[in-house]
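Reviewing the structure listed below.
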Ligand code: IVH
């Protein structure tokens, strides 16, 4: 189906399109970050996200608080104490071209009501490729240092940071409270020297300076950090008891005066042209700086404007990262393998002859789907000018940021004479079930659902993953092994593992999903075998064939206690069972996420949990919405952030007999904590507000962002659900309608008084 261009999209079609795009992006995000299987290319993802932003720019009232927003970074690792950041550590939106930067500038002007000629200075700072850190000074003394973690909670690395020479222990002249934020990094020279020392000592070497910096900082043994040459640049701040300056550049100058290292290549720019010129300079000088930068960060210089611009969910409106083009390398594509994800999606993966791309050795790349391999996009238009990808081809691979490498192009001049077009499988390589690809969808799926061992294993991995049940010591490797041994086939089995230990492992009700490791096409299971070898370290198991033999031996024995597996003992088995025990009590949000329902990511699961409160209420509502109509269906669709696609997937999940039965078996072992309704600290939180007429002290977008920041929902039209209408001069029919409906009407001044 052809998409209407955004400028042709009328007010009637726009809400539906926003819902469609949001659902697609949320699903793609979940598929990508849940490591299940990417369901679209990066380019397609960017295109859809761009389209969504364009529509939102045109119809600001359609923008949702959780608009396809990515969660920032990864949750904190175990081992360090956790620190709740008093002010969130933010991430940055990305720009990839001069046009994107010009649009960033225009968007800010629109938001602030500035004309194209009004001054709007920005700083342009190198984007340091390290890891971000928050350092708290009280009365001028360093008291706490924390990594970003997921932006809200990081790891306490205070003692490690005290060993970093670049970071002062005392900041004379600092305000009483000052949280300095910046980047920990390692120079190229120090990285090379460190790797040499590591190799010499028979220790692990690092793939790139950023990994080396992260690995060096996050050492439980502080003396190791002390021996590593870490550096720091300050570029931002969190909580402060007093302002440091009126602008970003003044603040950076204050930092420097206090003894904090700041980057000398920061410039203040008056125009977009200045910004792009500095970007070009840094791109050219990049290789000679001696440390990695991956772009330029532009920030509105005036801090009072920054405050007005405020934040989206995890990124400030007043800053953007203009990335450098990705690094590329050439190599041969040895094989194309098909991985089967939790929802049955078949993802082709390229196995490459290992090659270094931007300091990282790359041996796999995603191939997305059959169309992508064949050289066309989801609408049939050619990509790579229609060149297909074959086993044996020479390909150019690139890495953009932190993501899985991609194939940029194929070199036809070096294609082997016997290379044949890739034939996408018609049957699942794992369970042999038929593969279907619904009309208009890019993703092919295995229909084996319950009999497919790959899907079962992936569902289990998702179930125990960090944002789901997060069972300590129970990760992907344990899932692989216990499944291969026939001990677990579905989530409920995890909670009976201890009781069945050493006996009765074969009594699982749904043993159909237990398939021997060796089914499927060659190569697919290589990684799996490696995981098993790691989970059961021990003599004879180092090589993967040894694992295979060992597994069949145990399976034939039938009753083997966990403690007797290679590499395991009484202690480790008891620890694992104890860890499982602690997770019988689980929050509703985690449970919903863990179920692995399509289109339901972590934040949607939280949304559903908060909306329904209890598992019983949630389940009853989903069961009542069976026919996709009626009041429960409407209520589900009315939740801000739930679109029709997600709603359909959730309801259907509760009506698939097998999924229901598995859910019943699971919840019998659980104590599910009710979800708390969102706290309402602000006088307008939870209220639906409509703005109409002319606003005099702020733009519409600013008013909306501010109201949403205080927990209100902003709508474009007045209905019985409206709580407050803010009416400026020139308000017309909306005001009349609000008065008819008895809705509270406030002037702009009264509104400002209300929100303080
Ligand atoms: S400002 C207020 N400035 O890039 C937003 N970040 O992709 C906070 N980074 O998490 C970030 N150099 O780790 C900012 N000059 C710079 C930066 C920078 C590197 C990192 C930082 C951030 C990430 C976002």
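Numbering (my numbering), first residue to last: -4 to 751. Even glycine gets a Cβ: it sits at the ideal position worked out from N, Cα and C.
If you draw a 10 Å sphere on the C-beta of residue 485, you find 16 or more other C-beta atoms in it, and that means buried.
Every residue whose Cβ sits closer than 6 Å to any heavy atom of the ligand IVH is listed here in chain order: 85, 86, 87, 120, 122, 123, 127, 178, 230, 231, 292, 311, 314, 316. Here residue 243 is buried, its C-beta having at least 16 other C-beta atoms within 10 Å. Beta-bridge partners of residue 129 (DSSP): 141, 176. Taking one beta carbon from each stretch, the segment 577 to 589 and the segment 544 to 564 have fewer than 3 pairs nearer than 8 Å; the two do not touch. With respect to the 8 Å criterion, residue 361 and residue 344 are classified as neighbours on the basis of their beta carbons. The criterion of a C-beta distance shorter than 8 Å is satisfied by residue 394 and residue 352. Contact between the segment 653 to 662 and the segment 679 to 692 is absent: fewer than 3 CB-CB pairs across the two stretches fall below 8 Å.
In the DSSP assignment, residue 232 forms a beta bridge with 175. Residue environment: residue 289 is assigned as buried (16 or more neighbouring CB atoms within 10 Å of its CB, all protein chains considered). Membership of residue 413 in any beta strand (DSSP E) is not indicated, and neither H nor E is assigned to it by DSSP.
In terms of CA proximity to residue 363, 333 leads the group 347, 390, 333, 192.
Residue 463 is positioned such that its CB atom lies closer than 8 Å to that of residue 589. In the three-state reduction of the DSSP assignment, residue 343 falls in the strand class, which pools E and B. In the three-state DSSP reduction, residue 286 falls in the coil class, being neither helix nor strand.
For residue 293, the beta-bridge partners assigned by DSSP are 119, 315.
Note on geometry: alpha-carbon atoms of residue 440 and residue 202 lie some 35 Å from one another. Ranking 338, 386, 697, 404 by CA distance to the CA of residue 417 puts 386 first.
The alpha helix (DSSP H) runs of length 4 or more contained entirely in the segment 657 to 740 are, from start to end of the chain, 695 to 704, 728 to 736.
Secondary structure at residue 334: strand, using DSSP grouped into helix, strand and coil.
Residue range 267 to 280 is occupied by the alpha helix (DSSP H) that includes residue 276. Remark: fewer than three beta-carbon pairs, one from each stretch, lie closer than 8 Å, so the segment 374 to 383 and the segment 311 to 322 are not flagged as touching. Under the three-state reduction of DSSP, residue 167 is assigned to coil, being neither helix nor strand. Under the rule that a run must span 4 or more residues, the alpha helix (DSSP H) segments found entirely inside the segment 595 to 625 read 597 to 607, 610 to 619.
Taking 8 Å as the upper bound for CB-CB distance, residue 293 and residue 270 are in contact here, some 6 Å apart.
Contact annotation: the segment 170 to 178 does not touch the segment 146 to 156, with fewer than three C-beta pairs closer than 8 Å. Fewer than three pairs of CB atoms, one per stretch, sit closer than 8 Å, so the segment 230 to 237 makes no contact with the segment 193 to 202. Of the candidates 254, 241, 295, 253, 295 places its Cα closest to the Cα of residue 262. With respect to the C-alpha of residue 369, the residue from 399, 415, 350 having the closest C-alpha is 415.
As the crow flies, the alpha-carbon of residue 305 is around 13 Å from that of residue 102.
Buried is the label assigned to residue 336, since at least 16 other Cβ atoms lie within 10 Å of its Cβ. DSSP lists no bridge partner for residue 358. Residue 475 is classed as buried because its beta carbon has at least 16 other beta carbons within 10 Å across all chains shown.
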